[in-house]
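Take a look at the structure below.
Residue numbers (my numbering): 11 to 299.
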């Protein structure tokens, strides 16, 4: 038997990372998982707590690993943390570390809708991060995910919380499109991107097989529960997003929704040869509740 894979994961406490770490742990892969905050570790996992991801601390522990999966990013800015700091500068820092530590592959989660023509601050930061990875000449796979859903993803947690309040806010008409993908499919695809050379040096839309309106998604999720759908005029929603940090949606949340971004699922399916989970079937069975 060959030497087992050693994979580094940043942002170990996040939703995608927790599911990915569990999946890889069950495959007996040696994990080196890094987070700013403490977290419960799985078998075959080395845990590192690092607030600033300092090279001198991380380098000797992660050098010569088979892959680094960079899952840190923010979708909402504040006075304490912004896109440039986290999405751009930290990604550059991780990219430099990956190259210096002679790690064979870098996998990065960007965002569906990222392009060179964007004017959104969030998408611009993700585009800059992508370019820093590509320019590094490291072997990479960049995924551009739509909503990644599961029992404890941020959107699902928001909907569960709203059900308890018996009211869900929908900005505008709710007719704009989303293309969600199930977390179990995502974990398999990320692992495949490390083990299958077909994924090398590619930017790939990480999207599910079905395009669905935002409002329909919520109605299916509710399973006929007595929860009011409260539509907020889109102009009012943007005003609240700008002026009230406690509003359910940030400015870029609204930009992403209204943008109705959809991706090339056929390309992903042909590349991965994967049978994808129907999100609508998951919702109809209440599997996400």
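Just so you know, even glycine gets a beta-carbon here, dropped at the ideal spot from N, CA and C.
The beta-bridge partner set that DSSP reports for residue 32 is empty.
Beta-carbon to beta-carbon, residue 193 and residue 29 are separated by about 5 Å, close enough to satisfy the 8 Å threshold. Membership of residue 281 in the alpha helix (DSSP H) is indicated by the continuous run 275-282. Counting along the chain, residue 221 sits inside no beta strand (DSSP E), nor does DSSP assign it H or E at all. Secondary structure remark: continuous beta strand (DSSP E) runs of at least 3 residues inside the segment 46-100, in chain order: 55-59 and 77-80. In the DSSP secondary-structure assignment, residue 181 is bridged to 242.
For residue 212, the secondary structure class from DSSP, reduced to helix, strand or coil, is strand.
For residue 14, the three-state secondary structure derived from DSSP is coil. Residue 226 holds the alpha-carbon nearest to the alpha-carbon of residue 188 among 226, 278, 110 and 46. When DSSP assignments are scanned along the segment 135-208, the uninterrupted stretches of alpha helix (DSSP H) that are 4 or more residues long and fall wholly within it turn out to be 164-175 and 193-205. In this structure, residue 154 lies away from residue 76, with their beta-carbon atoms at least 7 Å apart. Contact holds between the segment 203-217 and the segment 145-161, because three or more Cβ pairs, one in each stretch, are under 8 Å apart.
By the neighbour-count definition (other C-beta atoms within 10 Å, threshold 16), residue 50 is an exposed residue. DSSP places residue 295 inside the alpha helix (DSSP H), whose first and last residues are 289-295. Distance from the CA atom of residue 131 to the CA atom of residue 13, rounded to whole angstroms, is 43 Å. Contact between the segment 128-143 and the segment 166-179 is absent, with fewer than three C-beta pairs closer than 8 Å. Counting only residues of its own chain and dropping the five nearest sequence neighbours on each side, residue 269 has a CB closer than 7 Å to the CB of 123. Rounded to whole angstroms, residue 203 and residue 42 show a C-alpha spacing of 18 Å. Secondary structure at residue 118: strand, using DSSP grouped into helix, strand and coil. A direct Cα-Cα distance of roughly 27 Å separates residue 238 from residue 85.
With the rule of 3 Cβ pairs closer than 8 Å, the segment 52-59 does not count as touching the segment 99-112. Distance from the CA of residue 115 to the CA of residue 224, rounded to the nearest whole angstrom, comes to 35 Å.
By the neighbour-count definition (other C-beta atoms within 10 Å, threshold 16), residue 240 is an exposed residue. If you draw a straight line from the Cα of residue 288 to the Cα of residue 195, it comes to about 10 Å. For residue 20, DSSP records a beta bridge to 44 and 80. Taking all protein chains in view, the Cβ of residue 284 is surrounded by fewer than 16 other Cβ atoms within 10 Å, so the residue is classified as exposed. Residue 135 places its beta carbon less than 7 Å from that of residue 93.
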